[in-house]
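Trainee:
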Amino acid sequence: AQSVTQLGSHVSVSEGALVLLRCNYSSSVPPYLFWYVQYPNQGLQLLLKYTTGATLVKGINGFEAEFKKSETSFHLTKPSAHMSDAAEYFCAVRPYTGAGSYQLTFGKGTKLSVIP
Amino acid sequence: EAQVTQNPRYLITVTGKKLTVTCSQNMNHEYMSWYRQDPGLGLRQIYYSMNVEVTDKGDVPEGYKVSRKEKRNFPLILESPSPNQTSLYFCASSLIGYGDTQYFGPGTRLTVL
Numbered sequence: 005a006q007s008v009t010q011l012g013s014h015v016s017v018s019e020g021a022l023v024l025l026r027c028n029y030s031s032s033v034p035p036y037l038f039w040y041v042q043y044p045n046q047g048l049q050l051l052l053k054y055t056t057g058a059t060l061v062k063g064i065n066g067f068e069a070e071f072k073k074s075e076t077s078f079h080l081t082k083p084s085a086h087m088s089d090a091a092e093y094f095c096a097v098r099p100y101t102g103a104g105s106y107q108l109t110f111g112k113g114t115k116l117s118v119i120p
Numbered sequence: 026e027a028q029v030t031q032n033p034r035y036l037i038t039v040t041g042k043k044l045t046v047t048c049s050q051n052m053n054h055e056y057m058s059w060y061r062q063d064p065g066l067g068l069r070q071i072y073y074s075m076n077v078e079v080t081d082k083g084d085v086p087e088g089y090k091v092s093r094k095e096k097r098n099f100p101l102i103l104e105s106p107s108p109n110q111t112s113l114y115f116c117a118s119s120l121i122g123y124g125d126t127q128y129f130g131p132g133t134r135l136t137v138l
């Protein structure tokens, strides 16, 4: 069974500072990896995903994530935080093959606050 | 516009009163799914469907039913709601294929008194 761990349920950064949101997964084979963002009172929007190929993935709004197989990690970063980045971020995994290979397993989320 | 729609967006009901939350997508996606979101627990899958008339349980199916009679629609049915089903519900859909992205609806906030 897969699992996803997001370190830190709340993260605060100053405007202009580096954003780093951590995600580690547990899976017998490297899965597909996703980051979603949820703005207040809205649904989830895909930020970026890793399927195969280049391990550094660029997404929308200046975010990027790097898949590190040896560390089973897929941390999300943004060089300079903006007030509009304040939201909740979810890391999710999907099996590459096999039973349930379309089921997304989500982490518990990290709420990002940006301090002016 | 490609989208997943859910209705109603907000619902307050009482224990035991049957309700249905509708979900519809206009992207011709084969895969559809229901999740519930609870504070501190993230999103958990309730049911999913790989195509018309094909449905299966997710991680937390107890107390819920679904049907998939048409490709675009995937309603969630609570036949006898209880207070522990108070939650934020999301419908999602995707193509079935290599790394395909799931697209989410805006959510339905359900309160069961």
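Line by line, the protein sequences are chains V and G. Numbering-wise, the first sequence is residues 5 to 120 according to the numbering used here. Numbering-wise, the second sequence is residues 26 to 138 according to the numbering used here. For each residue, glycine too, the CB sits at the ideal point set by N, CA and C. The structure presented is a predicted model; accordingly, all values stated were derived computationally and were not measured.
Going by C-alpha distance, which of V:Ala85, V:Gln10 and V:Leu37 is nearest tyrosine 100 of chain V?
Mentor: V:Leu37
Trainee: To the nearest angstrom, how far is the alpha carbon of glutamine 124 of chain V from that of proline 131 of chain G?
Mentor: The question about residue 124 of chain V has no answer here: the residues shown for chain V are numbered 5 through 120.
Trainee: So which of V:Ser84, V:Gly47 and V:Gly12 has the shortest CA-CA distance to serine 18 of chain V?
Mentor: Looking from the CA of serine 18 of chain V, the closest CA among V:Ser84, V:Gly47 and V:Gly12 belongs to V:Ser84.
Trainee: Residue ranges of each beta strand (DSSP E) run of no fewer than 3 residues wholly in the stretch 28-54 of chain G, ordered along the chain?
Mentor: Counting whole runs of 3 or more residues, the stretch 28-54 of chain G contains the beta strand (DSSP E) stretches 29-32, 35-38 and 44-50.
Trainee: Provide the residue span of the beta strand (DSSP E) that contains glutamate 68 of chain V, from first to last.
Mentor: 68-72
Trainee: Using a beta-carbon distance below 9 Å, is glutamine 6 of chain V in contact with chain G?
Mentor: With a threshold of 9 Å between beta carbons, glutamine 6 of chain V makes no contact with chain G.
Trainee: Secondary structure at glutamine 6 of chain V, three-state DSSP: helix, strand or coil?
Mentor: coil
Trainee: Please look up how many angstroms separate the CB atoms of tyrosine 60 of chain G and phenylalanine 115 of chain G, rounded, as I've assumed it's under 8 Å.
Mentor: 5 Å
Trainee: What are the boundary residues of the beta strand (DSSP E) that valine 15 of chain V is part of?
Mentor: 14-18
Trainee: Is the shortest distance between the beta-carbon of tyrosine 128 of chain G and the beta-carbons of chain V less than 9 Å?
Mentor: yes
Trainee: Measuring only the C-alpha atoms, how far is methionine 57 of chain G from threonine 133 of chain G?
Mentor: About 16 Å.
Trainee: Looking only at its chain, what residues have a beta carbon closer than 6 Å to the beta carbon of glutamine 49 of chain V, apart from the 5 residues adjacent to it on each side?
Mentor: Val41
Trainee: Report all residues from its chain with a CB closer than 7 Å to the CB of arginine 97 of chain G; omit the five preceding and five following residues, and keep chain order.
Mentor: Ser49, Gln50 and Asn51
Trainee: Considering histidine 79 of chain V, what are the terminal residues of the beta strand (DSSP E) in which it resides?
Mentor: 77-82
Trainee: Which two residues bound the contiguous beta strand (DSSP E) that contains glutamine 49 of chain V?
Mentor: Element bounds for glutamine 49 of chain V: 48-54.
Trainee: Taking 8 Å as the limit between beta carbons, can you name the residues of its chain near leucine 22 of chain V, skipping five residues before and five after?
Mentor: Thr81, Lys82, Pro83, Ser84 and Ala85
Trainee: Going by DSSP, what residue range makes up the beta strand (DSSP E) through tyrosine 89 of chain G?
Mentor: Note, tyrosine 89 of chain G: premise wrong, no beta strand (DSSP E); not H, not E.
Trainee: Does any residue of chain G bring its CB to less than 9 Å from the CB of phenylalanine 38 of chain V?
Mentor: yes
Trainee: Note down the Cα distance separating phenylalanine 71 of chain V from threonine 38 of chain G, rounded to an integer number of angstroms.
Mentor: 44 Å
Trainee: State yes or no: is the C-beta of leucine 60 of chain V within less than 9 Å of the C-beta of tryptophan 39 of chain V?
Mentor: no
Trainee: Below 8 Å on the Cβ atoms is my guess for threonine 47 of chain G versus glutamine 70 of chain G; work out the distance and round it to an integer in Å.
Mentor: About 18 Å separates the two Cβ atoms, so there is no contact after all.
Trainee: Three-state secondary structure (DSSP) at aspartate 63 of chain G?
Mentor: If DSSP states are grouped into helix, strand and coil, aspartate 63 of chain G belongs with the strands.
Trainee: Count the other CB atoms, across all protein chains shown, that sit within 10 Å of the CB of leucine 116 of chain V; report buried if there are 16 or more and exposed otherwise.
Mentor: In this structure leucine 116 of chain V is buried. Its beta-carbon is surrounded by 16 or more other beta-carbon atoms within 10 angstroms.
Trainee: With distances taken between CB atoms, is the gap from alanine 117 of chain G to leucine 108 of chain V smaller than 9 Å?
Mentor: yes
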